[in-house]
Every structure is written in C-alpha cells, then in structure tokens.
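Report on the structure given below.
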Amino acid sequence: MLIAPHPFRAYRQRMFRTGYILSPRADSVWFLGLPFAAVALALGFQAWLPYVAVASINLWITTPHHYATWVRSYGMPDVWQRFKARLIVGPIAIFSLTAAGLIWAPITLLLLVSAWDHQHSIMQQHGFSRVYDFKARTGLESTRKYDLALHWILYGNMFLQAPMFRGLWIRELHRMQIPLSVGFVETLLTLSWIVTFGYVILYLLHLRKTVEAGAQINPVKYGFIAASYFLWYFVAFHTNSILLYAVAHRVMHGVQYMVMVYSYMSRSAATGASRPGFWSRLTGSGRLRWFLILGGAYAVAFQLLINRPLDEFGFGVVNFAPYPAIPQFNIPALDYAGGYELWSQMMLYAYALLHYYVDSFIWKVRDKQVQGGL
Numbered sequence: 016m017l018i019a020p021h022p023f024r025a026y027r028q029r030m031f032r033t034g035y036i037l038s039p040r041a042d043s044v045w046f047l048g049l050p051f052a053a054v055a056l057a058l059g060f061q062a063w064l065p066y067v068a069v070a071s072i073n074l075w076i077t078t079p080h081h082y083a084t085w086v087r088s089y090g091m092p093d094v095w096q097r098f099k100a101r102l103i104v105g106p107i108a109i110f111s112l113t114a115a116g117l118i119w120a121p122i123t124l125l126l127l128v129s130a131w132d133h134q135h136s137i138m139q140q141h142g143f144s145r146v147y148d149f150k151a152r153t154g155l156e157s158t159r160k161y162d163l164a165l166h167w168i169l170y171g172n173m174f175l176q177a178p179m180f181r182g183l184w185i186r187e188l189h190r191m192q193i194p195l196s197v198g199f200v201e202t203l204l205t206l207s208w209i210v211t212f213g214y215v216i217l218y219l220l221h222l223r224k225t226v227e228a229g230a231q232i233n234p235v236k237y238g239f240i241a242a243s244y245f246l247w248y249f250v251a252f253h254t255n256s257i258l259l260y261a262v263a264h265r266v267m268h269g270v271q272y273m274v275m276v277y278s279y280m281s282r283s284a285a286t287g288a289s290r291p292g293f294w295s296r297l298t299g300s301g302r303l304r305w306f307l308i309l310g311g312a313y314a315v316a317f318q319l320l321i322n323r324p325l326d327e328f329g330f331g332v333v334n335f336a337p338y339p340a341i342p343q344f345n346i347p348a349l350d351y352a353g354g355y356e357l358w359s360q361m362m363l364y365a366y367a368l369l370h371y372y373v374d375s376f377i378w379k380v381r382d383k384q385v386q387g388g389l
C-alpha cells in the first residue's frame, strides 16, 4: 500500500532543490562554515596580536590565492591560447599604471584598487551563487540579475554604514575639501537602509514568482549568501581596523577561491575537459600537497620582495598625507598605526590588480568551457 506524502513535504519538494559546489560535507566546511571560523580568527587577532603581525598574516593569507589564478590562467594551455593577448598586454599596462600611481598619486591608487577589490569580492560571491543555481538547476533566467543587484545593495549598504568604512570615505571626502555635513551623511545612511530593506522585499517577491513559475530554489545558495554577509557585516561593525577586517575577509575569500580552483582543475583532469599542462601536474592523487607547497613558496617570495619597512619600500616618495581629526563626525586624527594599515593594504591591493583583471574574464558560469570543469 502506497502512502501519500505529507502535503507540506510535497510542497517543499516542489519548492526546493539542493545542489552543492563540491559536496554536502565539503560545502558545509568551505562555503557555509568557513565565514564563522574566519570571524573567530579575526577577533582573536584583534585581542592578541600587534598590527604589524596582522599585516604579515594578511599577506600570507592573500597571496597564495593570487598564485592559484596564475595556475588557472597561465598554467592551463586552453585558457592561455584563448586569452593570450589579454594575458600579455594586461599585466604590462597594469604594472606600468601601478608604478606611476605609487610614485605620483598613492591615495588615488588606493581608492581605485580598493574599489576594484570590493567589486571583485562581490563578483566572487555572486559567481559562487551562480554555481549553486547551475548545480541544482534552480532559479529563473532573471535570477542572475536579481542576485547581482542583491550583492551590490547588501555590500554597498555595509560600506556606507559600518563605522570602519564610514570613517575612511568621510576622511577622504573631507581631505578633498568636498562639503559634507552631518545632516547629509545621516540622510544618506537612512536612505541606504530604506533601499536595502526595500530591495530585500522585492527579492522575496522574485522568489515567490520563481516558485509560481514552476522553478525551484536552492536553499544551500542562500545559506552561503547569509554566511558571507554575516562575516562582512559583523567584522565591519565590530572593528575599526581595516587589517582585521581584511584578515577575516581574505580567510573566507582566499580559501574559498583556492578550493574552487583546485576543484575545477581536478574535475577538468578527470573529464578531460582541458589539455594537460602545468596545472595537470598539480592535480590527481597525492598532488594536492604540491599545489599548496607552491602557493606557500609564492607567498615567501612575495614577502622577501617587500621584506623592508613599508615606508622604506616606497623609496621615500610614497607617503600618505596626514588626515586630521574631523570633530563634527567624532573621527580622530589618523595615527601612525592607522596609516601603516592603510599603506600595507594598498601594497597588497596594488599587487592584486592583475588577479582582479584575469579573474574578470576567465570565470564565467555561462561559458561552456567553464561549465565543463564545474
């Protein structure tokens, strides 16, 4: 005798379909649990370590995932042949502009690379969201646009609201002598919350439309999005140190990226989706350790390159202009520690520009070649 499923269970089965980037266990560690572990690490560093030590940790967390990009792009013959012109001309242009910016306009360079870093972070999480829908075959065609807008609005609201970021953009506008009143800032922050909550409601309506159209929703994807924004909001609102924020962010961002790259290369090797090359020598049974060892060696080489005091590395021509106190916003003058943090972040951002550039065209979930490795 067949027993009919409970009505609610049947409705839930029609509404939801789960899919994973790696597997249920691996996703629970790397994509759902890692943000919470990263927050705990950042809080521990804030309590126990000096900012100079945190700057070094930040470097060691950040640079290995840049190396993963070079393996994914320059080390895969298919990618190299397909984007050869971009992979040659792009680095030359980026390094030239970066060198000029370090000498003549370091603050402007910091603002530009910081903006690109934020865009890059948003697009990585958006890309993972798209992979979740791709794996589960969920969502509508329009979900991609709704997701992208959701990421921009949630991240943009955090950037405006969090005391750490708010202090940075208010300092810079004040230094540029752009009129900025307390009333204007308060109005801007209020509007930001209104837009954020308004769009969340609009997004929920889109989810209802998705179900009504007969499509399904991947709940794992929304768990991943919630975990990511928990990290960003919690750390940004609980520290005034951009280094500590960066450590938490890059533990999540960098580790997830390396996991994704290695998984992509492993699947490409297993399915024969890409021609063998340097990348294929790092995949397969027992070869993960070489992928990780080379990532550590890359970080060592980078550290040796800048193994001098950061102000000395600038040859005396790169210095952040002093930022005075802004009493009307209760923002104190920027001290040496704060300037050191900004400068160390800019050094990493500047070297990361090539990573941002290459990632902008080698990872497209709509690309059939990329789908072959997913």
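Under my numbering, the letters of the sequence shown match residues 16 to 389, in that order.
By construction, the Cβ of each residue, glycine as well, lies at the ideal position given by its N, Cα and C atoms.
Please name the residue in the options whose C-alpha comes closest to that of residue i.
{"i": "residue 138", "options": "152, 240, 124, 313", "result": "240"}
{"i": "residue 174", "options": "93, 342, 130, 198", "result": "130"}
{"i": "residue 169", "options": "134, 128, 381, 297", "result": "134"}
{"i": "residue 31", "options": "345, 222, 269", "result": "222"}
{"i": "residue 141", "options": "387, 383, 378", "result": "378"}
{"i": "residue 162", "options": "305, 214, 206", "result": "214"}
{"i": "residue 390", "options": "42, 262, 218, 72", "result": "Absent from the model: residue 390. The displayed extent of the chain is 16 to 389, so no value can be given."}
{"i": "residue 368", "options": "204, 380, 216, 112", "result": "112"}
{"i": "residue 257", "options": "99, 36, 125, 89", "result": "125"}
{"i": "residue 387", "options": "307, 284, 226", "result": "284"}
{"i": "residue 277", "options": "152, 128, 80, 243", "result": "80"}
{"i": "residue 189", "options": "35, 384, 342", "result": "342"}
{"i": "residue 159", "options": "98, 232, 376", "result": "232"}
{"i": "residue 345", "options": "220, 200, 279, 234", "result": "200"}
Name the one or two DSSP bridge partners that residue i has.
{"i": "residue 110", "result": "The partner list for residue 110 (beta bridge, DSSP) is empty, contrary to what the question assumes."}
{"i": "residue 232", "result": "31"}
Less than 8 Å between the CB atoms is what I'm expecting for residue i and residue j, so what's the real figure, rounded?
{"i": "residue 309", "j": "residue 82", "result": "7 Å"}
{"i": "residue 374", "j": "residue 84", "result": "6 Å"}
{"i": "residue 15", "j": "residue 267", "result": "Residue numbering for the chain in the displayed model covers 16 to 389; residue 15 lies beyond these limits and cannot be assessed."}
{"i": "residue 77", "j": "residue 311", "result": "No, residue 77 and residue 311 are not in contact; Cβ-Cβ is about 13 Å, not under 8 Å."}
{"i": "residue 103", "j": "residue 372", "result": "About 12 Å; that fails the 8 Å criterion."}
{"i": "residue 155", "j": "residue 230", "result": "5 Å"}
{"i": "residue 136", "j": "residue 176", "result": "Contact doesn't hold; Cβ gap of about 17 Å is too wide."}
{"i": "residue 34", "j": "residue 147", "result": "6 Å"}
In whole angstroms, what is the alpha-carbon distance linking residue i and residue j?
{"i": "residue 329", "j": "residue 295", "result": "Its pLDDT being 39, under 50, residue 329 is placed unreliably by the model, and nothing is read from it."}
{"i": "residue 55", "j": "residue 74", "result": "18 Å"}
{"i": "residue 252", "j": "residue 178", "result": "6 Å"}
{"i": "residue 259", "j": "residue 210", "result": "28 Å"}
{"i": "residue 281", "j": "residue 265", "result": "23 Å"}
{"i": "residue 255", "j": "residue 314", "result": "27 Å"}
{"i": "residue 249", "j": "residue 145", "result": "24 Å"}
{"i": "residue 193", "j": "residue 91", "result": "48 Å"}
{"i": "residue 47", "j": "residue 53", "result": "11 Å"}
{"i": "residue 149", "j": "residue 180", "result": "34 Å"}
{"i": "residue 184", "j": "residue 297", "result": "42 Å"}
{"i": "residue 93", "j": "residue 60", "result": "41 Å"}
{"i": "residue 57", "j": "residue 262", "result": "6 Å"}
{"i": "residue 187", "j": "residue 370", "result": "26 Å"}
{"i": "residue 45", "j": "residue 271", "result": "6 Å"}
{"i": "residue 293", "j": "residue 287", "result": "15 Å"}
{"i": "residue 195", "j": "residue 202", "result": "12 Å"}
{"i": "residue 289", "j": "residue 143", "result": "21 Å"}
{"i": "residue 380", "j": "residue 29", "result": "25 Å"}
{"i": "residue 88", "j": "residue 291", "result": "13 Å"}
{"i": "residue 323", "j": "residue 128", "result": "Here the model assigns residue 323 a pLDDT of 47, short of 50, so the residue's position is not dependable, and the following value carries that caveat. Taking the straight line joining both Cα atoms gives about 22 Å."}
{"i": "residue 332", "j": "residue 152", "result": "Caution is warranted here: a pLDDT of 38 is assigned to residue 332, below 50, making its placement in the model unreliable, and no coordinate value can be reported."}
{"i": "residue 243", "j": "residue 236", "result": "11 Å"}
{"i": "residue 64", "j": "residue 224", "result": "49 Å"}
{"i": "residue 157", "j": "residue 216", "result": "16 Å"}
{"i": "residue 14", "j": "residue 204", "result": "Outside the shown range of the chain, which is 16 to 389, sits residue 14, and nothing can be said about it."}
{"i": "residue 218", "j": "residue 40", "result": "29 Å"}
{"i": "residue 114", "j": "residue 86", "result": "25 Å"}
{"i": "residue 306", "j": "residue 99", "result": "23 Å"}
{"i": "residue 182", "j": "residue 97", "result": "43 Å"}
{"i": "residue 171", "j": "residue 212", "result": "13 Å"}
{"i": "residue 385", "j": "residue 191", "result": "44 Å"}
{"i": "residue 226", "j": "residue 238", "result": "18 Å"}
{"i": "residue 279", "j": "residue 301", "result": "17 Å"}
{"i": "residue 119", "j": "residue 95", "result": "34 Å"}
Ordered list of alpha helix (DSSP H) runs contained in the region 151 to 230, each at least 4 residues: 158 to 176, 178 to 190, 197 to 227
For a minimum of 4 consecutive residues, which ranges assigned as the alpha helix (DSSP H) are wholly contained in the region 264 to 313? none
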